[in-house]
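The structure under discussion appears below in the form of structure tokens.
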Amino acid sequence: STQIGDIAIHLHSAIEPWHVLGEESGSQGTARYVDSSLERIQVSIEGLTDSRYILVCNGQRVPLKSTGKHGEYVAGIRYRAWNPPSALHPTIGVHAPLVLDLVDTWNDRSVGGCTYHVAHPGGLNPESSPINPLEAESRRISRFWEFGHTPVSISNPGYQESAREVVEHTSSESSFSNLPLKETKEYPYTLDLRNTL
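Going by the UniProt record's numbering, the first residue of the sequence shown is number 1, and it counts up by one from there.
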């Protein structure tokens, strides 16, 4: 979870069915691999003003759905977590880490966000289960950062005058408020990052 002013963003694991692939011959006979590279998370937001803010994940607008409670919205994000040797879509790259931005469309800038890593960002992935809840919590905390979102560069004339060299930076997004909402008929409230190519 992360808190941005009055708005809270919560991430939860969600169920993603894995496909069984066709038969492949291996060193010990025929095998049927499972494509475990797809994962899904649920994003819930509290305190959101829908006419002002949108949620963006890796540069794509997330289709938020109201829960009926004032200011509360949910959505799903489906993404490629890792690249196994046998997969259903071998040409689609890995989408991790997921960078979530809360965008103020009135001012056309990101006001905050978070970064979610599928595995430990330093490569310290344990091979055993956690021995107690504290170890499990520390593993989750190491994968979730309350920073790393996409801030829009702000020009500060006082700072630039004192700098020895001024380098002009441009944002990779021309305008946050013009991001299209790509809906699918199968899952209308899930952003499928595989379809954003």
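Heads up, the beta-carbon is just placed ideally off N, CA and C, and yes, glycines get one too.
Q. Closest by CA to G5, which one among V103, I141, L124?
A. By one-based count along the sequence shown, residue 5 stands at place 5. If we check each option's Cα against that of G5, V103 comes out closest.
Q. Of all the options H89, G113, A87, which has the alpha carbon lying nearest to the alpha carbon of V99?
A. As a working mapping, residue 99 is identified with position 99 in the sequence shown. Ranking H89, G113, A87 by Cα distance to V99 puts G113 first.
Q) Starting from S13 and walking both ways along the beta strand (DSSP E), at which residues does that stretch end? A) As a first step, residue 13 must be located in the sequence shown, where it is residue number 13. Taken as a continuous stretch (DSSP letters only), the beta strand (DSSP E) holding S13 covers 7-14.
Q) Going by other Cβ atoms of all chains shown within 10 Å of its Cβ, with 16 needed for buried, is E23 buried or exposed? A) Looking up residue 23 in the sequence shown gives position 23. Looking at its Cβ environment, which holds fewer than 16 other Cβ atoms inside 10 Å, E23 is exposed.
**Q.** Residue from H19, G26, S37, V43 with nearest C-alpha to S13
**A.** What you label residue 13 is simply residue 13 of the sequence shown in a count that begins at 1. Ranking the options by Cα distance to S13, first place goes to V43.
**Q.** Nearest candidate by alpha-carbon position, reference S1, set R52, T184, E46, I92
**A.** Residue numbering aside, residue 1 sits at position 1 when the sequence shown is read from its first letter. Selected option, being the one with the closest Cα: E46.
Q.
Can you give me the C-alpha to C-alpha distance between S110 and H19, rounded to a whole angstrom?
A. On the sequence shown, residue 110 is found 110 positions in, with the first residue counted as 1. On the sequence shown, residue 19 is found 19 positions in, with the first residue counted as 1. Using only the alpha carbons, I get a separation of about 36 Å.
Q. Taking the beta strand (DSSP E) that A31 falls in, what are its first and last residues?
A. Looking up residue 31 in the sequence shown gives position 31. Here the beta strand (DSSP E) through A31 covers 29-35.
(Q) On the criterion of 16 or more Cβ atoms from any shown chain inside 10 Å, does T184 qualify as buried, or is it exposed? (A) For the purposes of this step, residue 184 is taken as residue 184 along the sequence shown, with counting starting at 1. Exposed is the call here.
Q.
Quick check: I54 and T105, are their CB atoms within less than 7 Å of each other?
A. Residue 54 sits at position 54 when you count from the first residue of the sequence shown. Residue 105 sits at position 105 when you count from the first residue of the sequence shown. Result yes, Cβ atoms of I54 and T105 sit closer than 7 Å.
(Q) In chain order, what are the residue ranges of uninterrupted beta strand (DSSP E) at least 3 long that sit wholly in the stretch 46-83? (A) 53-57, 72-80
Q. Can you pull the DSSP bridge partners for S25?
A. Numbered from its first residue, the sequence shown carries residue 25 at position 25. According to DSSP, S25 bridges with T30.
Q: Would you identify the three-state DSSP class for S128, choosing helix, strand or coil?
A: Here the question's residue 128 lines up with position 128 in the sequence shown. DSSP places S128 in coil when its eight states are reduced to three.
Q.
Considering Cα atoms alone, identify which of D35, T115, N125 is closest to S86.
A. Indexing the sequence shown from 1 puts residue 86 at position 86. Among D35, T115, N125, the Cα nearest to that of S86 belongs to D35.
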